Structure formats: structure tokens, C-alpha cells
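Going by this note's numbering, the first residue of the sequence shown is number 11, and it counts up by one from there. For every residue, glycine included, the Cβ atom is placed at its ideal position computed from N, Cα and C. Note that the structure is predicted; figures quoted are calculated from it, not measured. Below is one structure; the comments refer to it alone.
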Amino acid sequence: MRKKTKKIFFYSLLTFLILVFGVLALFFAWFFPRKNSPFYPAQKEPAIKVYFLKEDKIFAVKRPLKGKEQPFKKAFEELLAGPTQAETQQGITSYLPLGLKLLGFWREGPVVILNFNRELENYGGGTSRLQGMIAQIVYTATEIPGIEKVWIWMEGEKELILGGEGLVLDHPLSRREIAY
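Pasting the structure below:
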């Protein structure tokens, strides 16, 4: 009889210890996950979206944002630099003219004013190309939280007429107005 009692006690104690260790393991796995654990949520690397064109449609690509880089400034540096070689091989292109520079930018509430150099006029012609260029600028700028409209200036002039098409840029533009 004593052997039976010892056996029951031993198995009960073993079951209890397995349950306690199991609960502790789950507790630590849940509240203190290891980085290589499937329970550990993946850390998102900060990124910005820059808009180019693919098959004549607006197309977003992500670019990493490192350290203390300012998102808006970085977005336009990347936009003006154009697609990477790998992106170009995938059919991604830019309608922005080579040599286009952002001379300055400032924000007035939900509107950002972008002041470009005269290269803005040298987009290469055609209504579709002009609309694509404007879409790239507006979509990239409005990707930044809090910016809803973009006013495009050229060397301080806030009323522009671009190209033979006579596109008048005399007010801030939203994505809805572009609809590219």
C-alpha cells in the first residue's frame, strides 16, 4: 500500500511540476520574447514612399529612412535622384527633368510650397508627361502625414503656365485634383 501511495504522490508531483514549468515557459515566452522567436513582433524599418511611373501609372516605391533624416527632405532627394537601376529594369521611370532642383520648401498648415528651379519647364513635352511629372511631385509630398496639398512654384513665381498645353499652376493641388 505504501508503494502505491508513493507512486501516486510521485506522479501527482511530476504532473504538478510539468504544469508549473509549462505555465512559466508560456509566461516568459509571452511577456519576454526573444528577438529570434516567432512570438517577437518584427521591427519595422522606417521608410518613406516616393512616387514614380510604371506603364504610365503612378507607382510608389519605398526608400529606407535612416537615423535622424528628415522624411520630407529625404523623400524629395530620392524623387529627384530618380529610380534605382534595379527599379528601372522593372520598368519604373520618372518624368521629372534631369537637373531639376528643389530650391526650397515650407509648410503653411496642410499645404506645402515647393520652389523648383527653371528645369521644371524642361519636362520633355506632351500632356501625359506633364501630368505624370506633376503627379509624382504631388503624390510624393502628400505621402508625408499632415500634408494635403502642394503648391508648385518656380524660382519664386507662384503662378506658372507650363508647356504648350498651358497647364496653369496657380493654387495648391491635392491628389484628387491630379487623379493620375
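In three-state DSSP terms, what is residue i?
i: A85; result: helix
i: L183; result: strand
i: I162; result: strand
i: K17; result: helix
i: E118; result: strand
i: E167; result: strand
i: I154; result: coil
i: T94; result: coil
i: A189; result: coil
Are the CB atoms of residue j and residue i within a distance shorter than 8 Å?
i: L89; j: Q141; result: no
i: I171; j: V178; result: yes
Quick check on this structure: which residue in the options has the alpha carbon closest to the alpha carbon of residue i?
i: I58; options: E118, F41, E79; result: E79
i: L63; options: P93, E153, E87, L75; result: P93
i: E55; options: E118, A151, P74, A70; result: P74
Can you list, in chain order, the residues of its chain with a C-beta nearer than 8 Å to that of residue i? Leave out the 5 residues immediately preceding and following it.
i: F126; result: L110, K111, L112, L113, I162, W163, M164, E165
In chain order, what residues of the same chain lie with their CB nearer than 7 Å to the CB of residue i, ignoring the 5 residues before and after it?
i: W116; result: I123
Less than 6 Å between C-beta atoms, sequence neighbours within five positions excluded: which residues of the same chain meet that for residue i?
i: P107; result: E129, N132, Y133
Meets three-Cβ-pair contact criterion under 8 Å: the region 89-101 and the region 129-145: At 8 Å Cβ cutoff, the stretches do not touch.
With a cut-off of 8 Å, do at least 3 Cβ pairs link the region 118-128 to the region 152-167? yes
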